[in-house]
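Enquirer: One structure is given below, represented as structure tokens, and several questions about it will come after.
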Amino acid sequence: MQNKTNPTIWAIGDVQGCCNALDDLLQHPEIAEDPNAHFWFAGDLINRGPSSLRTLRTIMSLGDRAVCVLGNHDLHLLAVYAGIRHQNKSDTIDEILYAPDAEEIIHWLRHRPLAHYQYDHLMVHAGVMANWDVKKTIKLADEIAEVLQSKQWKKYLQKMYGNEPNRWRDSLTGSKRRRVIINALTRMRMCYPDGSMEFGSKDSPSNHKSANLLPWFDVPNRKTEKTTIIFGHWSTLGLMVRKHLLALDTGCVWGGKLSAIRLNDRKLVQVDCEGKGKK
């Protein structure tokens, strides 16, 4: 993947407002030795952890060296800011909402994609539906990006939430189409063998012995099975490194670790979390 013209890239799992851990990671000798390194963040930059505002400011300060895809917690912040979603008791986003530069931060967040493909790696927050190839995944993610960056973005987010439809059809239009795209890229974990999404399961796949449920990446005939996919979202799955899969949510906010993998050689760097977030 890497050559003389390509930067060193570290893919980083869910930070979720644990900025002390992020600072420790960025200052790790293995990472800090290259001042030109780039960082790919697999979504859920904020929420539940104690320093959501500082986390966003830190990542924003990296400029073009940071590539971020949106996760479900990041979209939740946008929905709360838009006035179409109430905060949860476990949220730690007040400091963002009342920051003097809140408008600038929200603008920056709205301009992050839901999928990123470069150097033969596809990064999303949660997963990719079995009947989407890379080209289709990026095309559909771009549909959401166009909506989020529009002047009517608040209106479009009003119908973002819901578990239906739970499968993709090319004939889908409007809010139903957008909901399936967003759910797949930011919420999906387990699926039925036909590729339709199931949203009730959050445990490790080993705890689901039903033959009717599979991790999204084990659905038969998945069109991206030969593409390396980077994702987070699934702390109970934890670190998983396969030839074409890099799962990087190692539960930092729950007292686990914050993980980074260097893409060219799969060097793993992990730092301890600063403490448990809100549940």
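First residue of the sequence shown? That's 1 in the UniProt record's numbering, and the numbers climb one at a time after it. Ideal Cβ positions, reconstructed from N, Cα and C, are used throughout, including at glycine. Keep in mind the model is a prediction, meaning the values are calculated, not measured.
Taking 8 angstroms as the threshold, find out whether the segment 227-239 comes into contact with the segment 126-134 through three or more Cβ pairs.
Expert: Yes, they touch.
Enquirer: I want to know whether the segment 5-17 touches the segment 36-47 - three or more CB-CB distances under 8 angstroms.
Expert: In short, these stretches touch, since the Cβ pair count reaches three.
Enquirer: Can you find at least 3 beta carbon pairs, one from the segment 174-181 and one from the segment 139-149, that sit closer than 8 angstroms?
Expert: With a cut-off of 8 angstroms, the segment 139-149 and the segment 174-181 count as touching, because enough Cβ pairs lie within range.
Enquirer: Taking only the alpha-carbon atoms, compute the straight-line gap between P50 and D74 and give it to the nearest angstrom.
Expert: As a first step, residue 50 must be located in the sequence shown, where it is residue number 50. As a first step, residue 74 must be located in the sequence shown, where it is residue number 74. Approximately 15 angstroms between the Cα atoms of the pair.
Enquirer: Using the C-alpha atoms, what's the distance from F199 back to K136?
Expert: Taking the first residue of the sequence shown as position 1, residue 136 is located at position 136. Taking the first residue of the sequence shown as position 1, residue 199 is located at position 199. The straight-line gap from Cα to Cα measures roughly 23 angstroms.
Enquirer: List the residues that DSSP assigns as beta-bridge partners of H121.
Expert: For the purposes of this step, residue 121 is identified with residue 121 of the sequence shown, where counting begins at 1. For H121, which the question treats as bridged, DSSP gives the partners Q118, T228.
Enquirer: Does the ligand GTP have even one heavy atom less than 7 angstroms from the beta-carbon of K151?
Expert: No copy of the ligand GTP appears in this structure; indeed no ligand is present at all.
Enquirer: Among L26, R222, N212, which one has its Cα closest to the Cα of N131?
Expert: On the sequence shown, residue 131 is found 131 positions in, with the first residue counted as 1. Comparing Cα-Cα distances from N131 to each of L26, R222, N212, the minimum goes to R222.
Enquirer: Ordered along the chain, which non-local residues of its own chain (more than five positions away) have a Cβ less than 7 angstroms from that of H111?
Expert: The sequence position of residue 111 within the sequence shown is 111, counting from 1. Closer than 7 angstroms at Cβ, skipping near neighbours: Q149.
Enquirer: I think K226 touches H244, with their Cβ atoms under 8 angstroms apart; what is that distance to the nearest whole Å?
Expert: For the purposes of this step, residue 226 is identified with residue 226 of the sequence shown, where counting begins at 1. For the purposes of this step, residue 244 is identified with residue 244 of the sequence shown, where counting begins at 1. With 8 angstroms as the limit, K226 and H244 qualify as a contact, their Cβ atoms being about 6 angstroms apart.
Enquirer: Please report the residue range of the beta strand (DSSP E) in which W11 lies.
Expert: Looking up residue 11 in the sequence shown gives position 11. The residue asked about is misnamed: residue 11 is Ala in this sequence, not Trp. Segment 9-12, the beta strand (DSSP E) holding A11.
Enquirer: Using a Cβ-Cβ cutoff of less than 7 angstroms, which residues in the same chain neighbour S175 once the five nearest sequence positions on both sides are dropped?
Expert: Position 175 of the sequence shown, counted from the first residue, corresponds to residue 175. The residues are K159.
Enquirer: Under 8 angstroms between the Cβ atoms of L109 and I93?
Expert: As a position in the sequence shown, residue 109 is number 109, starting the count at 1. As a position in the sequence shown, residue 93 is number 93, starting the count at 1. Their beta carbons are not under 8 angstroms apart, which means L109 does not touch I93 by this criterion.
Enquirer: Is it buried or exposed, E274, if we count other Cβ atoms within 10 angstroms and call 16 or more buried?
Expert: Within the sequence shown, the letter at position 274 stands for residue 274. By the neighbour-count rule (16 or more Cβ atoms within 10 Å), E274 is buried.
Enquirer: I think I96 touches L53, with their Cβ atoms under 8 angstroms apart; what is that distance to the nearest whole Å?
Expert: Here residue 96 corresponds to residue number 96 of the sequence shown, with the count starting at 1. Here residue 53 corresponds to residue number 53 of the sequence shown, with the count starting at 1. The Cβ separation is near 5 angstroms, so the contact holds.
Enquirer: State the CB to CB distance for the pair T228 and H121, rounded to an integer number of angstroms; the pair is presumed to be in contact (CB under 8 angstroms).
Expert: Locating residue 228 in the sequence shown gives position 228, where the first residue counts as 1. Locating residue 121 in the sequence shown gives position 121, where the first residue counts as 1. Yes, T228 and H121 are in contact; Cβ-Cβ is about 5 angstroms, under 8 angstroms.
Enquirer: So, helix, strand or coil for I261, using DSSP?
Expert: Against the sequence shown, residue 261 aligns to sequence position 261. Three-state DSSP puts I261 in a strand.
Enquirer: Out of N264, D272, Y117, which has the shortest C-alpha to C-alpha gap to D255?
Expert: Taking the sequence shown and counting its residues from 1, the one referred to as residue 255 is at position 255. Checking the sequence, you will find Gly at residue 255 rather than Asp. If we check each option's Cα against that of G255, D272 comes out closest.
Enquirer: On the criterion of 16 or more Cβ atoms from any shown chain inside 10 Å, does S259 qualify as buried, or is it exposed?
Expert: For the purposes of this step, residue 259 is taken as the residue at position 259 of the sequence shown. Buried, by the Cβ-count rule.
Enquirer: Could you pull the start and end residues of the beta strand (DSSP E) that residue 324 belongs to?
Expert: In the structure as shown, the chain starts at 1 and stops at 279, and residue 324 therefore has no counterpart that could be examined.
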